[in-house]
Structures are given as structure tokens and as C-alpha cells.
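Student:
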Amino acid sequence: MKTRTHLFRCALAASAACGAIGFADVALAEAATDSGDIIVTARRAEERLQDVPVAVTAISAKALSEQHITSETSLQQATPGLTVRATSSSNQLNYSIRGQSIDSFSYSAPAVLPYFNEVPTNGTSATSFFDLESVQVLKGPQGTLFGRNATGGAVLYQSAAPKLDAVSGFMKAGFGRFNDRSFEGAVNLPVNDMAALRVAGKYQVRDGFQHNLYNDKYLGELDNSVIRASLLIAPPGSGFSNNLVFQYGKYRGSSIGLKMQNANGVNGAPSTYVSPIDGLTHPLNTSFAVYDALPSLDPRIAELGFTGISDFLTKQKKIGFWDVYNDREDTHRATQKFLSNKTVYEFGDGLAIKNILGYNKVFSFDPTDVDGSPFQWLTIGHDQPFTDNSAIAQKDRGYNYGTKQFSDEFQITGDLGALNFIAGVFYSKEKTYNNIPLAVLPDTVAGFLAGRYEFTITDKSKAIFAQATYHITDALNFTAGGRYTWENISLQHTMSSNNPGGYGKRKDSKPSWLFSLDYKVTPDLMIYAAQRGSWRTGGFNGTSNDFVDPTKPSTFEPETTYDFEIGAKYAGMIGGRRARMNIAVYDQYIKDVQRAPYIGIAAVGGNVKKARVRGVEVDAMIEAADFLELGGAFTYTKARYTNPLATVPTSPPQVFYFGPYADTPKTSGSAYFRLHDELPGDAGELALRGDMYSQASFYYSNANDTISPGTKLPGYTVFNGRAEWNDMLGTDLSVAAFVQNLTNEKYYSGGIALSAVFGANAALVAPPRTWGVEVGYKF
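Residue numbers -29 to -1, 1 to 750, in mature numbering (1 follows the signal peptide of the UniProt record, and there is no 0), belong to the letters of the sequence shown in order.
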């Protein structure tokens, strides 16, 4: 019955756009040309959205504000088909598109690549959106123009660029529930007729909304401050431009705490499973049961009145949905330093060169109560010395993650009339540091068990690429592209790690490609077909060693994929009203799917043999009246493992069975309306917007059917709204009021599956109803 309800709600989301079908989100209308065309850069050049044979969702700066999209997690509700799942904490995020995702602690490269100002970034920590020009979500393999690893797609963030014409800017202040206070602003300063500077920043603080009953504190606090400076140099008539951007972000607060959902063999949960491999019944992990046998390990448990796991899970049902018992402080600290420099020189006659240099440095610190209970069975971070030293190292108090990336891309582009092309070379070097201090049993106990996985992964990547579109006729275009990438990856453990001195090195190289045909049936309607292929590089899992040679880390092999996609895009008039409608249908095949089987407390490298993901993505928009805009989107995804086995080379080899497909709701959909009216005279504009997002249930473990049961999260529906008065009484002032999660829907944003590690799973609650007011001024 729940499945039918979610199907109905998602279908309603699409039908709200007058029954039209389409895929590209229409929220970028405010960033469109005067003719209403939406401009995107899905093929590394500015083009009309309706001319691009790629499934794209595009969101303008105004739409980001109207929908109150302030971070990666809220982006999901504006983009059906995109899942942004929280994993071990609410600040550790994983993008998923068309079933392409990564397991927690797998150390696979992301299958969906974030780009900021055309620079690939790999920080998984949550950030804060501000002064963005647009966000574009590209769906399907994008390996030709966006590099290996983009097997699911890419998310393109573009900051607002300086302008040479005039001094301008804005200021915005907000206040909301949970004492949420924010200030955001930007100023654009032309230096002379060839240079301009733009400085923007955002500051936000918020109290926590999740009550931790273990210590009577609140989790989910925010204390973020970010500043960005952009310098544009573009001498008039020279064909030369250079845009230098530097951003520094400081993120503080506390992560939302995990909440234990179930434990194997407890309160009706299964204690065994039948293996599809051998048909035999196998026991599930129940090592958490030590707390039922030794409840006196932590005196605080007795104070709280819990006699064991079963008693705790029973009593937890009686507390509030947003209450939790976490025995570990979920403090969050992160910093980011980002630099991009884009240089363009136009020779004339359609030829140009471009160089994009990028640097990104991210560090995050997150202690985490992984089991989501008051029982300190497994935590990331502890307060006792890891060795015999008298003082504990700060890095052992939580998960330390750091990445340092440098990249450079050189492009040659040409518009030769019948032929458009882009060709280039790419280089990047990325060093990622992980320190994962684990504590088993309370660290107040003498001889408590602790360990550390501390390692650095270095990835050097080189690539050459080219793509060209030939205009066979005025209506028919053929596009072909290719990329070849060479990867050099190494892993080094520290001597203090659980796997001391372990070292591994590997090289991979493979192609990516694209072929597509698009045809303009009429000036308003385009149909297209595309075939693409790409891959994800192999690598190492630093939390375990190779079972054949323990001096080397566990290894996983490259993942390869290819797909077929057909679609249609319409932008024109329906019943005398402007409308956009699009549809994409795809079929994607994946080989050697990178997954992380668990053996004991550590994840190991693994590849599932084969998988297949099929789906339909639609959306539409229509200006139903001069004062009313309607829109909606719907996504259907069918993902499954067609050969669900993964072999780990233990002695003897172990074979794991995977399924169902995680991080992939079968259906998701959205709908919105926007009412707006110009008041008499210069009184301004009144606008009211309402949004709905709904998705079906999904799993946060790829092994739910066997060793990790109990990882299914229910579907949910949320409603958001915003009312605003712009250009008040002929001034540049505006005021707005908004509400998120209007009905106070109780739902989860993700979880971590550790049933195979210690026998229990934990999930993260999403925020409750929030509301606020904003006052803005533009100049």
C-alpha cells in the first residue's frame, strides 16, 4: 500500500505540469536569455538546454533562493533522480545518480563528480551554498568531457562572476527556527574598463534540533563562515579574459547523531539468513550481545535504565523521533581552501583556447557514535591514549579526512560552421589522508580495545580528449567524442596504523566515449539518441590488507559501464502558453561494480560481477497564466545486480552475494507552483511558491538480502513554501518568509550498515519543520 501511495504522489508531481513529459528541470528560467531559453554548459560550452542531447537539470540563483536550497542535502529535493545520502555522519555525503554510488568506507572514486567553476573537486564534507550563478546536474556517464569516474553523472556549481559594467551587489539577512541566523552578501566593483572584483560571503549559525538524551545536549548545530573573492581581467576587444577565484570556508558545529534501527536477532529481527549461493542457513553477526552479558561495562547505561540492546530498542520507540542516545560527541570541524583560474583567448573565426587551473584543499574532523546507541560498542574516536603515551593525540578523538587536489586542463575549441569541436589535455594529482581511530567497548574500561587505520592515497591522472559535432543538415547533428585516461594510484599506511607499513601501487588506463544523433523535428522539438561508455579507476581499501600478501592493502579492480539513451526535448507554446517538456529513457550496464564486503570490523575491496540500471526521467513546465507557473518531474529507476557475486581472495576465497541495489529509490518526483503579481504603481511584486518532493523507499546497504539485513528506509513526502515581496514600494528591498518540511514529516536522510561488523544498523534523521524570514537589499 505504501508503494502505491508513493507511486501516486510521484505521478501527481509530473501531472501537475499539465501532463507533459520532460527531463531538464525548468527552474533555470531566471538565468535564461531574453527569449526564455535556458543556457547550460553540459558540453563545456554555452548552449540552449533544448539543443543539448544530454539529460540535464539546471537551477538558477533565483530558483536556489526560492526553494531555499542552501547545501548539498537540500539539492536533492530540487532534482528527482539525484540522491545525496548521509553516511557515517550528516556531514559525510555521497552523491548517487542512476544507481551509480559508492559504499561507505569503500574508498572507491565518486561515481558522480562535483565540479566547482569547471574544476573537479572531491571533498565529501557538507558545505554552504551562496552567491551561485547556477547548479547543473548531468545524468548518465560523462566520461568524455568530465573525466573517468563520472559513470553516474556530474554536478556543476558555478559561482557568480564579476561584471565590468557597474557597481552592484546584494545583502540578505535571515532568522529562523532553532535560532537560525544568517547573513549573506556580495559586492561587484569594476576597477576600470578591463578589470572587476567581486567579493561575496556567508555566515550562518544555528542551534541543534536533535536532543541527545545521553548527555542532555543538542546535535545538528551550525557555525559556518565562507568568503570568496573573484577577479576578472578582460581588456575590451582583446579576446582575452582571466577569472581568478579564491574561496575559504570554515565549518563548525555538530553532526546529526546516528540512531540505532535494529540488531540481528533482537525484537523479532532475523538472526540467520539463507545464502542464495549454497542454499544453507548461516548465522548473522551478533557480537553486540556482549552488552547483554556485561551491562556493567559503562555505569552510565545503568543510570539510563537500560539492561541491554533489546531493552534499549524497545524503550527507544517511546522517545521523540528527533531524540537520540549517543555516547560520543558528534563535533564537526571542516575547512576548505579553493582556487580556480580560467584563462580564455579567442582568436576570431570561431577558434579559442582555454586553460582551467584548480586547487582544492579540504580537511574535516568528525567523532562519530557509529552504533547510534548509548552502548559504546563501536565509535570513531576515543578519549584514552591509543599507545602508552600519557596524552591522547588529538587526531584519535575523531575521523580525520583531508584531501589536497591540483588539476589543470587545456582546451582548444572551434566553431567552423558545419563543425564544432573541443579537444584538450588534463592532469590532476590528488592526495587523500584518512585517520580512522576506532574504539570497541567503553574507553573508561581498563584495557579497552582501540585501533587506528591511518593511510594516504595518492592519485595521479592524465588524459587526452576530443569531441566534435557535425551539422549534417540544419536539423540533423552527429556528435562523437573520446577520452583516454591513465591512472597511477598508490596507498601508504603509517607505522602506527593497524596495518603498519602497508604499501600498494597500481596503474590503470581505459577509454571513455560518446556517440549521439539529434534531430530537430520542428524548431521547438528535438529528439536524440546517445550511446556512451566510461569507467571508474581501481584502487585500494586502506582499512584492510590483502589476504594473500599482508604487506599490501586490499585491492579492487576498475569498474566499466556503457549505456543507451533516447530522449525528446520540447520548448514552445501549448495552448498559447510557453512550456518546456522533456523525456529521457536509458538502459545502463555495469561490469565489476565496486563494492565493499565486510570481513570482521574492516571493509575490503571487492567487485560485483554485473549490474543493470534502467529508467525513465520526465519533467515539464508551463506558464498556465500570466500570474501562474506550474511544473513537475518524475523519475523511475529499476536497478538490479544481474550477476550479484563478488569474490574476496581469502584462504579459502569467500564469495559474497549482493542485493538489492542501494541508494536508488524506484520512484521519486516533485511538483511546484509559482504565483506572482505586479502590484499597482511601483509597489513591487508579490510571489508565492509551493514545492512538493516525494520518493519511495530505498536501501542503504547493498547486502541487505544476506549479511546486512534491516537497512531499508521508508519513503517520504515533504512540502516546502515561500512567500516574498520584491522591490517593496519602489525600493530595492525585499522580504520573504519560508517553511521547509511543512507537515513535519518524520524521515531519514541515510544511514550506515554495520550489521555485518557488529550486528546492528543505524540511520540519520532528516531535519524537522523549519521556518524563517529573510530581508534582502540589492544595489
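All C-beta atoms, glycine included, are put in the ideal place defined by N, C-alpha and C. Please read all numbers here as calculations on a predicted model, not as lab measurements.
Could you pull out every residue in the same chain whose Cβ sits closer than 7 Å to the Cβ of Asn715, ignoring the five residues on either side in sequence?
Tutor: Taking the first residue of the sequence shown as position 1, residue 715 is located at position 744. Once the five neighbours on either side are set aside, the close Cβ partners of Asn715 are Pro739, Arg740.
Student: Work out the CA separation of Asp301 and Leu650 for me, nearest whole Å.
Tutor: By one-based count along the sequence shown, residue 650 stands at place 679. By one-based count along the sequence shown, residue 301 stands at place 330. For Leu650 and Asp301, the distance between alpha carbons rounds to 49 Å.
Student: Please classify Asn238 as buried or exposed, where buried requires at least 16 neighbouring CB atoms within 10 angstroms.
Tutor: Position 267 of the sequence shown, counting from 1, holds the residue named residue 238. Asn238 should be labelled exposed.
Student: Per DSSP, residue 751 is paired with what?
Tutor: Outside the displayed range of the chain (-29 to 750) lies residue 751, so it cannot be described from this structure.
Student: Which of the three DSSP states is assigned to Asp5 in this structure?
Tutor: Walking along the sequence shown from the start, residue 5 turns up at place 34. Reliability fails at Asp5, whose pLDDT of 43 lies under 50, so the model's placement of it is uncertain and no value is given.
Student: Rounded to a whole number of angstroms, what is the C-alpha to C-alpha distance between Tyr78 and Gly513?
Tutor: Translated into positions along the sequence shown, residue 78 becomes position 107. Translated into positions along the sequence shown, residue 513 becomes position 542. Roughly 8 Å between the two C-alpha positions.
Student: Would you list, in sequence order, the uninterrupted beta strand (DSSP E) runs of no fewer than 3 residues that lie entirely inside the segment 285 to 373?
Tutor: With a minimum length of 3 residues, the continuous beta strand (DSSP E) runs that stay inside the segment 285 to 373 are 302 to 319, 322 to 337.
Student: Can you tell me whether Phe318 is buried or exposed? The criterion is at least 16 other CB atoms within 10 Å of its CB, across all chains shown.
Tutor: In the sequence shown, residue 318 corresponds to position 347, counting from 1. When all chains shown are included, Phe318 counts as exposed.
Student: Looking only at its chain, what residues have a beta carbon closer than 6 Å to the beta carbon of Gly630, apart from the 5 residues adjacent to it on each side?
Tutor: Within the sequence shown, numbered from 1, the residue matching residue 630 stands at position 659. If we look at Gly630 and ignore the five residues flanking it on each side, its Cβ neighbours are Tyr612, Pro615, Asp676.
Student: Out of curiosity, what's the CA-to-CA distance linking residue 753 and Ser641?
Tutor: The chain is shown from -29 up to 750; residue 753 falls before or after that span and cannot be answered.
Student: Ignore the nearest five residues each way along the sequence and tell me which others in Gly236's own chain have a CB closer than 6 Å to its CB.
Tutor: For the purposes of this step, residue 236 is taken as the residue at position 265 of the sequence shown. Excluding sequence neighbours, Gly236 sits near Ser242, Thr257.
Student: For Thr638, write down the residues that DSSP places opposite it in a beta bridge.
Tutor: For the purposes of this step, residue 638 is taken as the residue at position 667 of the sequence shown. Per DSSP, Tyr607.
Student: For Asp(-5), count neighbouring C-beta atoms within 10 Å of its own C-beta (all shown protein chains included) and say buried if the count is 16 or more, exposed if not.
Tutor: In the sequence shown, the residue the question calls residue -5 occupies position 25. At Asp(-5), the pLDDT of 39 sits below 50, so the modelled position is not reliable; the number obtained from the coordinates is stated separately. Under this definition Asp(-5) is a buried residue.
Student: I need the DSSP call for Thr122, collapsed to helix, strand or coil.
Tutor: Taking the first residue of the sequence shown as position 1, residue 122 is located at position 151. In this structure, Thr122 counts as coil in the three-state DSSP scheme.
Student: Looking at the strands, I want to know which residues DSSP matches up with Lys188.
Tutor: Here the question's residue 188 lines up with position 217 in the sequence shown. Asn183, per the DSSP bridge assignment.
Student: Give me, in chain order, the residues of the same chain whose beta-carbon lies closer than 6 Å to that of Glu474; leave out the 5 immediate sequence neighbours on both sides.
Tutor: What you label residue 474 is simply residue 503 of the sequence shown in a count that begins at 1. Residue identity check: residue 474 is Tyr in the sequence provided, not Glu. These residues qualify, in order along the chain: Gln463.
Student: Is the beta carbon of Asn183 sitting closer than 8 Å to the one on Tyr189?
Tutor: The sequence position of residue 183 within the sequence shown is 212, counting from 1. The sequence position of residue 189 within the sequence shown is 218, counting from 1. Result yes, Cβ atoms of Asn183 and Tyr189 sit closer than 8 Å.
Student: Any chance the segment 431 to 442 sits against the segment 452 to 463, with 3 or more Cβ pairs inside 8 Å?
Tutor: As far as the Cβ criterion goes, the segment 431 to 442 touches the segment 452 to 463, which means the pair count is three or higher.
Student: Exposed or buried, what is Glu745 when buried is set at 16 or more other beta-carbons lying within 10 Å of its beta-carbon?
Tutor: Here residue 745 refers to the residue found at position 774 of the sequence shown. The residue in question, Glu745, is buried, as its Cβ has 16 or more Cβ neighbours within 10 Å.
Student: Checking 8 Å against the spacing of the C-beta atoms, do Met165 and Gly747 come in under that value?
Tutor: Counting from 1 along the sequence shown, the entry for residue 165 is found at position 194. Counting from 1 along the sequence shown, the entry for residue 747 is found at position 776. Not in contact: Met165 and Gly747 (Cβ atoms no closer than 8 Å).
Student: If Phe259 sits next to Gly722, beta carbons under 8 Å apart, how far is it from one beta carbon to the other, in whole angstroms?
Tutor: In the sequence shown, counting from the first residue as 1, residue 259 sits at position 288. In the sequence shown, counting from the first residue as 1, residue 722 sits at position 751. Going by Cβ atoms, the distance from Phe259 to Gly722 rounds to 16 Å, so no, they are not a contact pair.
Student: Exposed or buried, Gly388, counting other C-beta atoms within 10 Å across all chains shown (16 or more means buried)?
Tutor: For this step, residue 388 is matched to residue 417 along the sequence shown. Burial call: exposed.
Student: If you draw a straight line from the C-alpha of Ile545 to the C-alpha of Asp495, how long is it?
Tutor: Sequence index remark: in the sequence shown, residue 545 carries index 574 (1-based). Sequence index remark: in the sequence shown, residue 495 carries index 524 (1-based). Taking the straight line from one Cα to the other gives about 11 Å.
Student: Name the DSSP bridge partner or partners of Lys562?
Tutor: Locating residue 562 in the sequence shown gives position 591, counting from the first residue. Paired residues: Thr531, Lys581.
Student: Please list the terminal residues of the continuous beta strand (DSSP E) segment that includes Leu255.
Tutor: Along the sequence shown, read from residue 1 onward, the residue named residue 255 stands at position 284. Note, Leu255: premise wrong, no beta strand (DSSP E); not H, not E.
Student: Please go through the same chain and pick out, in chain order, the residues whose beta-carbon is closer than 6 Å to the beta-carbon of Leu704, but skip the five residues on each side of it.
Tutor: Within the sequence shown, residue 704 is the residue found at index 733, counting from 1. Contacts found: Tyr748.
Student: Can the beta-carbon of Ser432 be found less than 8 Å from the beta-carbon of Ser399?
Tutor: For the purposes of this step, residue 432 is taken as the residue at position 461 of the sequence shown. For the purposes of this step, residue 399 is taken as the residue at position 428 of the sequence shown. Their beta carbons are under 8 Å apart, which means Ser432 touches Ser399 by this criterion.
Student: Determine whether the beta carbon atoms of Gly343 and Lys230 lie at a separation below 8 Å.
Tutor: Here residue 343 refers to the residue found at position 372 of the sequence shown. Here residue 230 refers to the residue found at position 259 of the sequence shown. Closer than 8 Å, so yes.
Student: Where do the N-terminal and C-terminal ends of the beta strand (DSSP E) with Ile460 fall, by residue?
Tutor: Here residue 460 corresponds to residue number 489 of the sequence shown, with the count starting at 1. Looking at the DSSP string, the run of the beta strand (DSSP E) that includes Ile460 is 447 to 464.
Student: Roughly how many angstroms lie between the CA atoms of Ala394 and Pro91, to the nearest whole one?
Tutor: Locating residue 394 in the sequence shown gives position 423, counting from the first residue. Locating residue 91 in the sequence shown gives position 120, counting from the first residue. Approximately 18 Å between the Cα atoms of the pair.
Student: Check whether the Cβ atoms of Ile407 and Tyr424 lie closer than 8 Å to each other.
Tutor: Taking the first residue of the sequence shown as 1, we reach residue 407 at position 436. Taking the first residue of the sequence shown as 1, we reach residue 424 at position 453. Yes, they are a contact pair.
Student: With DSSP as the reference, label Asn235 as helix, strand or coil.
Tutor: Residue numbering aside, residue 235 sits at position 264 when the sequence shown is read from its first letter. Coil, per DSSP.
Student: Rounded to the nearest angstrom, what separates Val315 and Lys173 at their Cα positions?
Tutor: By one-based count along the sequence shown, residue 315 stands at place 344. By one-based count along the sequence shown, residue 173 stands at place 202. Between Val315 and Lys173, the C-alpha separation is close to 29 Å.
Student: Under the DSSP definition of a beta bridge, which residues are partnered with Asp430?
Tutor: Position 459 of the sequence shown holds residue 430. Glu401, Ile460, per the DSSP bridge assignment.
Student: Would you decide whether Asp648 is buried or exposed? Buried here means 16 or more other CB atoms lie within 10 Å of its CB.
Tutor: In the sequence shown, the residue the question calls residue 648 occupies position 677. By the 10 Å Cβ count, Asp648 comes out exposed.
Student: Who are the Cβ neighbours of Gly369 in its own chain at under 6 Å, not counting the five residues just before and after it?
Tutor: To locate residue 369, count along the sequence shown from 1; it is residue 398. The answer, listed in chain order, is Phe336, Asp337, Pro338, Gly352.
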